[in-house]
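Visitor: Numbering (the numbering used here), first residue to last: 282 to 580.
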Amino acid sequence: MANSMVLVSLMALGLLMAFSTTPQVAAAARAFFVFGDSLVDNGNNNYLATTARADSPPYGIDTPTRRPTGRFSNGKNIPDFISDALGSEPTLPYLSPELRGEKLLVGANFASAGVGILNDTGIQFINIIRMFRQLQYFQEYQTRLAELVGNDEAQRIVSDGLVLITVGGNDFVNNYFLIPFSARSRQFLLPDYVTYLISEYKKILMVNFVFPLSLRLHDLGARRVLVTGTGPLGCVPAERAMRSPNGECAPELQQAASLFNPQLVQMINGLNSEYGANIFIAANTQLQTSDFITNPGAY
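1) What is the residue span of the beta strand (DSSP E) that I446 lies within?
2) How would you call R467, buried or exposed, if buried means at least 16 neighbouring beta carbons within 10 angstroms?
3) Is it the case that the Cβ atoms of G449 and P374 are separated by a distance below 9 Å?
4) Does DSSP put G551 in a helix, a strand or coil?
5) Got a sec, what are the start and stop residues for the alpha helix (DSSP H) R521 sits in?
6) What residues match up with R425 in a beta bridge as DSSP calls it?
7) Here's a check: name, in chain order, each residue in its chain whose Cβ is nearer than 8 Å to the Cβ of T476, leaving out the five neighbours to either side.
8) Between which two residues does the beta strand (DSSP E) holding I562 run?
9) Determine contact between the stretch 391 to 402 and the stretch 455 to 469, defined as no fewer than three beta-carbon pairs at a distance below 8 Å.
10) What did DSSP end up calling V321 once you bin it into helix, strand or coil?
11) What whole-angstrom Cβ distance do F353 and A394 have, given they're in contact under 8 Å?
12) How big is the Cα-Cα spacing for F469 and P345?
13) For T575 versus G510, is the C-beta spacing smaller than 9 Å?
14) For my contact list, T424 and G317 are in at a C-beta cut-off of 8 Å; report their separation, rounded to the angstrom.
15) Relative to the C-alpha of R437, which candidate in G557, R311, A538 has its C-alpha closest?
16) Whose C-beta lies closer than 7 Å to the C-beta of F406 among residues of the same chain, with five residues either side of it excluded?
17) Distance check for N432 and S319, CA to CA, integer angstroms please.
18) Hey, how far is the Cα of F419 from the Cα of V444?
19) Per DSSP, which residues does P374 bridge with? Please list them.
20) Would you mind working out which of A538, G356, I342, D361 sits nearest I479, comparing C-alpha positions?
21) On a Cα-Cα basis, can you pick out the residue from K384, V321, R381, L386 that is closest to I363?
22) Near D452, which residues of its chain fall below 7 Å by C-beta distance, leaving aside the five closest residues on each side in sequence?
23) Taking C-alpha atoms, which residue in L540, L507, V508 lies nearest to G515?
24) Could you work out which residue in Y422, A392, E421, Q417 is closest to I409 when comparing CA atoms only?
25) Please tell me whether F314 and Y482 are closer than 9 Å, where the distance is taken between their beta carbons.
26) Residues in the same chain with beta-carbon distance under 7 Å from E434, minus the five sequence neighbours each way, listed in chain order, please.
27) Quick one, are the C-beta atoms of S329 and L376 less than 9 Å apart?
28) From L426 to R381, what distance separates their C-alpha atoms?
29) Can you check which of these residues, N527, D343, Y340, R505, is closest to I560 by C-alpha distance?
30) For the candidate residues L429, D336, L507, N358, whose alpha-carbon lies nearest to that of N550?
Right, here's the structure in full:
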């Protein structure tokens, strides 16, 4: 979500906690691949004709150059913190002309601010990289990588890498709750909409990660896909300003996050059970962020 940069640092802390509980991931991760929305976009939207851009102040004010980088953050974002934990340089946006040669070995960031699980999410931003296109770019990346290092080595790099997917918040703030009586809110009650979102998310994960990986069972022990939920959507400053006259967290968005995150974790656990391998790691960022706020002494 383009308006969520204030929560990025808190969410990154929660993600790193989830990451640190799985040391086998850190040991195996050679490359890092990122999919999702503005919380993890490292600058792809800078190369697009879209209003969902982070190419002007105050974005980037805490970077060494104090200039915007395309990240929806004052400095580092979630993928940057994970790259630090991996001991790797930050992943470049896939659309960056700098992503070539040896830089391909680091991985790539395919995320695009404004996207959601659903293709009709973020239509007001017009030109963004929707999830299906991000995954097409991932296939293109593998072809480019194979041209650099050969097919076998390219497959090893990809299968040994870490995948991060952060998407879902925009399906609420830039779709269901975007305007009163939105098309999706007329189509679904909120609990039913969440169920629908989870079913669509499952299709993305199954088709693009489970089935290809099932052809390489010997790689499954090393490969991990980190799937994050939404943060406390109603507490995002922009949403509080628009929806809450007294500055409190917007209850309808808080309810949406509270419905979505447990179902996402349940779906992820079900996929792992169904395929007999811990391919996916679920991170409930709403719960982790809330714990950070209410119990700061533990951190």
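Where a beta carbon is used, it is the ideal one built from N, C-alpha and C, also for glycine. None of these values were measured; they are calculated from a predicted model.
Guide: Working from what's here:
1) Where I446 is concerned, the enclosing beta strand (DSSP E) stretches over 443 to 447.
2) When all chains shown are included, R467 counts as exposed.
3) no
4) Three-state result, G551: helix.
5) R521 -> alpha helix (DSSP H) spans 518 to 524.
6) DSSP output for R425 lists no bridge partner at all.
7) Answer for T476: Q544, listed in chain order.
8) 561 to 564
9) yes
10) coil
11) With a beta-carbon spacing of about 6 Å, F353 and A394 fall inside the 8 Å limit used to define contacts.
12) 46 Å
13) Cβ atoms of T575 and G510: not closer than 9 Å.
14) T424 to G317, Cβ: 22 Å. No contact.
15) R311
16) Excluding sequence neighbours, F406 sits near T331, T332, A333, G395.
17) 32 Å
18) 11 Å
19) N390.
20) A538
21) V321
22) G397, I398, L399, T402, L478
23) L540
24) Of the candidates Y422, A392, E421, Q417, the one whose C-alpha sits nearest the C-alpha of I409 is A392.
25) no
26) none
27) Inspection of the sequence shows that residue 329 is occupied by Leu rather than by Ser. Cβ atoms of L329 and L376: closer than 9 Å.
28) 9 Å
29) Nearest to I560 by alpha-carbon distance, out of N527, D343, Y340, R505, is R505.
30) The residue with the shortest Cα to Cα distance from N550 is L507.
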